[in-house]
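Residue numbers (our numbering): 2 to 401.
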């Protein structure tokens, strides 16, 4: 989907653990959802779901706001974030917004400066209009070898044209796939939280072509094998025949990557080091993007788009993408407890939660919205919790 950027307030937890010892048993929070004054679309705010997620446990509180966008919570003191989302099927418009982590002490809300303030949180809302390019399925959890060892070379990402009957054909040429940094949702904090750019982890891959080489018609898929575009049926319990993938992430410089004849190689752009594209096995955040100025011009501006982690002057330098370049994204977690957000609310207001164990051979797949004239249209509300089914059996739509 094309994202219409909105200015959002983000809050970071800066309070010491000692605060918990003096907390009362109940903390109150008022959340005010805010639409842009000149928003041309009429939105019934009562249809939105507001989730107050406890960051120290895998549970949350869900309510619907009143007509003014106001909702009140009485909860246990602790670390939280807020996610608001709604989907209007008649107009196919999604509305969402999110905050970063904050602390409710029972009397105050601790904001990004470490100062206590009244427990009122404003959440600016993003109104999202459809873009046909989407991630339909992502398989990253791994499986087992036939001998019982852990196996991760059978990962893939499936891109889908969700335009529906009569919709536009899209060209994959020069679109890019990446995992964002931090690799995992459990790293403790995201130094880039609240910024307009998002760091890429390790490397990214571009679809080849001259602009009109690889067409994707409405209802069609393109499966990208992330490490080994080969038949895994003789190697792993997943049995995935990724020798029939449309594209493969392959380069001579990456010793762990493989590709079968007939699979089109993606174009590698290294942003770090390694011998394989290391998708997190439990909590990747994956994006499809296209730089507004083109990949070559973007890469030529290293002084603008490549930098160290905020607050550091050495170590790894990360290439960044503007959040407005992202066509679609999905953020995955093992559990919402302690999970950090890496994608902004304009890309993904939530995350899809995988309950299955690592190496279980499960994936995340889109929920079907409706089918018309034999073409499937999938949910795309910019809220992965609503859009994706976790712990699904992989069913990539491979070449026949």
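We treat Cβ as the ideally placed atom computed from N, Cα and C, and that holds for glycine.
Membership of residue 296 in any beta strand (DSSP E) is not indicated; the residue belongs instead to the alpha helix (DSSP H) covering 296-300.
Every beta strand (DSSP E) stretch that sits fully inside the region 131-198 and reaches 3 residues is listed by chain position as 134-140, 157-162, 177-181. By the C-beta criterion, the region 211-224 is judged to be in contact with the region 239-254, since at least 3 inter-stretch pairs fall below 8 Å. As for any beta strand (DSSP E) of minimum length 3 sitting wholly inside the region 240-327, the runs are 268-271, 286-290, 307-309, 318-323, ordered along the chain.
Per DSSP, reduced to three states, the secondary structure at residue 387 is helical. For residue 370, the enclosing beta strand (DSSP E) stretches over residues 369-373.
Bounds of the beta strand (DSSP E) holding residue 225 are 222-226. Separation of the CB atoms of residue 82 and residue 100 is rounded to 5 Å, and the pair is thereby assigned contact status at 8 Å. Contact between the region 237-245 and the region 132-145 is present, with at least three C-beta pairs closer than 8 Å.
Contact fails between the region 185-198 and the region 249-266, because fewer than three Cβ pairs, one in each stretch, are under 8 Å apart. Between residue 168 and residue 377, the C-beta spacing is not below 8 Å. In the structure shown, the three-state DSSP call for residue 394 is coil. Taken atom to atom, the span from the alpha-carbon of residue 75 to that of residue 29 is near 4 Å. Less than 8 Å divides the Cβ of residue 288 from the Cβ of residue 179. Counting only residues of its own chain and dropping the five nearest sequence neighbours on each side, residue 218 has a CB closer than 7 Å to the CB of 162, 170. Taking C-alpha positions only, residue 92 is separated from residue 166 by approximately 16 Å.
Minimum Cα-Cα distance from residue 280 among the listed residues 270, 181, 340 corresponds to 181. Put simply, the backbone Cα of residue 261 is about 9 Å away from that of residue 243.
Under the three-state reduction of DSSP output, residue 54 falls in the strand class. By the neighbour-count criterion, in which a residue is buried when 16 or more other Cβ atoms sit within 10 angstroms of its Cβ, residue 383 is buried. Within the same chain, Cβ atoms closer than 8 Å to the Cβ of residue 156 are found at 140, 141, 143, 226, 227, 228, 280, the five residues on either side in sequence being excluded. Under the DSSP assignment, residue 211 falls outside any beta strand (DSSP E); it carries neither an H nor an E label. The continuous beta strand (DSSP E) containing residue 80 extends over residues 79-89. Contact between residue 286 and residue 344 is confirmed by a C-beta separation of about 5 Å, below the 8 Å threshold.
Within the same chain, Cβ atoms closer than 7 Å to the Cβ of residue 338 are found at 56, 57, 58, 59, the five residues on either side in sequence being excluded.
Taken through DSSP and simplified to helix, strand or coil, residue 110 comes out as strand. Per the C-alpha coordinates, the member of 322, 275, 138 positioned closest to residue 256 is 275. Taking the C-beta atoms as reference points, residue 137 is found nearer than 8 Å to residue 367.
Note on geometry: alpha-carbon atoms of residue 94 and residue 32 lie some 22 Å from one another. Looking at the DSSP output, residue 118 bridges to 110. If you look at residue 102, you'll find it isn't in any beta strand (DSSP E); DSSP assigns it neither H nor E. Shown here, residue 36 sits in coil according to DSSP, grouped into three states, outside any helix or strand. Nearest Cα to residue 282 within the set 152, 102, 39, 263: 152.
Just measuring C-alpha positions, the residue of 346, 277, 341, 204 sitting nearest residue 189 is 341.
Shortest Cα-Cα distance from residue 270 to any of 159, 176, 316, 359 involves 176. If you look at residue 70, you'll find it isn't in any beta strand (DSSP E); DSSP assigns it neither H nor E.
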